[in-house]
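Only one structure is covered here, and it is reproduced in the block below.
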Amino acid sequence: MKKSDKISYVINKLEELYPTVPVPLNHKDPYTLLVAVLLSAQCTDERVNQITPKLFKLADNPSKMVKLSVEEIKEIIRPCGLSPMKSKGIHGLSEIIIKKHNGNVPKSFEDLEELPGVGHKTASVVMSQAFGIPAFPVDTHIHRLMYRWGLSNGSNVKQTEKDAKRLFPIEKWNKLHLQIIFYGREYCPARAWKLEKDEISKRIGRKSIINKLI
6 MKKSDKISYV INKLEELYPT VPVPLNHKDP YTLLVAVLLS AQCTDERVNQ ITPKLFKLAD
66 NPSKMVKLSV EEIKEIIRPC GLSPMKSKGI HGLSEIIIKK HNGNVPKSFE DLEELPGVGH
126 KTASVVMSQA FGIPAFPVDT HIHRLMYRWG LSNGSNVKQT EKDAKRLFPI EKWNKLHLQI
186 IFYGREYCPA RAWKLEKDEI SKRIGRKSII NKLI
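Numbering (the working numbering), first residue to last: 6 to 219.
What follows is the structure, given as C-alpha cells:
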C-alpha cells in the first residue's frame, strides 16, 4: 500500500470510529486548559480531571492563582505527581500572564513556550484545543502509533511531529491528533496489545512488528 493510501485509510477509519472527539481535559477557557495540560505531564487525564475542580474552585484565573502560595498549590495538586515543579510552574506562568499579557493566555507558540513549565507539546495543545490554531501535539500514544503504522521512524517525538505534519493535511491536524489518541487508548495500547482488535495496524502496520504478534 502506498503511503498516500495509508494516510487516506487512517483518516477515513478514524473518522468512522470517532466522528466527534471531546477534549480529554476538563476546562472552561484557555487558562484552565493550560493549567490542566501542565498538570497532565506524567499523569493520566482522569487523575487531572479529579484534581482540577478543587484547584479551580479556589483559583480559575491568573489573578486568583497568584494569591495562592506555591505551597498551597503544591498541596492541592500533589496527586498529579511532580507537584514541586508543577506548582512553581503554575504560579510562575500566572505571574507572567498578568504582567506581560494583560491576564490573557498568549496565542503564539513563542510566547507560550516562554512560560515556566510550558514545553512545545503543552503549547501545541493550547494552540490547537483552546484557540483552534493548527497544531499536532505528539503524546506517547501518537508517537507509538505513528511508528507502529510505519509513518515515522520512532527516533523522537520531534521527528514524529514533523512527519505527522508532513503527511496529514493541515486542516485535519486539530481533530486528528485527538482521534489518534483515542484510538491508541482503545485499540493499540503500549501493553496488552491485541492485534485482532486493531484494524489500522493489521492493515498498514510495520510487518516487523505485526509478525511478532501473529
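Where is the CB? At the ideal position from N, CA and C, for every residue including glycine.
Given the structure is predicted, the values throughout are model-derived calculations rather than measurements.
Let me confirm a value: residue i is counted as buried when at least 16 other C-beta atoms fall within 10 Å, else exposed. Which label applies?
{"i": "R153", "result": "buried"}
{"i": "P29", "result": "buried"}
{"i": "S13", "result": "exposed"}
{"i": "L218", "result": "exposed"}
{"i": "G210", "result": "buried"}
{"i": "K91", "result": "buried"}
{"i": "P111", "result": "buried"}
{"i": "S213", "result": "exposed"}
Between residue i and residue j, what straight-line distance do the alpha-carbon atoms span, to the nearest angstrom?
{"i": "K105", "j": "S113", "result": "13 Å"}
{"i": "L183", "j": "E76", "result": "33 Å"}
{"i": "A135", "j": "P35", "result": "5 Å"}
{"i": "Y23", "j": "E191", "result": "11 Å"}
{"i": "L117", "j": "D10", "result": "36 Å"}
{"i": "L150", "j": "G189", "result": "7 Å"}
{"i": "C193", "j": "L172", "result": "20 Å"}
{"i": "S259", "j": "A64", "result": "Only positions 6 to 219 of the chain appear in this structure, which leaves residue 259 out of reach."}
{"i": "R196", "j": "S68", "result": "42 Å"}
{"i": "P121", "j": "E201", "result": "43 Å"}
Looking only at its own chain, which residues have a Cβ that is under 7 Å from the Cβ of residue i, when we skip the five neighbours before and after it?
{"i": "V71", "result": "H96, S99, E100, I103"}
In chain order, what residues of the same chain have a beta carbon less than 6 Å from the beta carbon of residue i, not counting five sequence neighbours either side?
{"i": "W178", "result": "P139, F141"}
{"i": "K93", "result": "V75"}
For residue i, does the three-state DSSP call read helix, strand or coil?
{"i": "L73", "result": "coil"}
{"i": "K62", "result": "helix"}
{"i": "R196", "result": "coil"}
{"i": "M6", "result": "coil"}
{"i": "E176", "result": "helix"}
Requested in this report: Count the C-beta pairs between the stretch 48 to 58 and the stretch 142 to 157 that are closer than 8 Å, then say yes if the count reaches three, no if not.
Outcome: no
Query raised in the report: Taking contact to mean at least 3 C-beta pairs separated by less than 8 Å, is the stretch 76 to 86 in contact with the stretch 158 to 170?
Result: no
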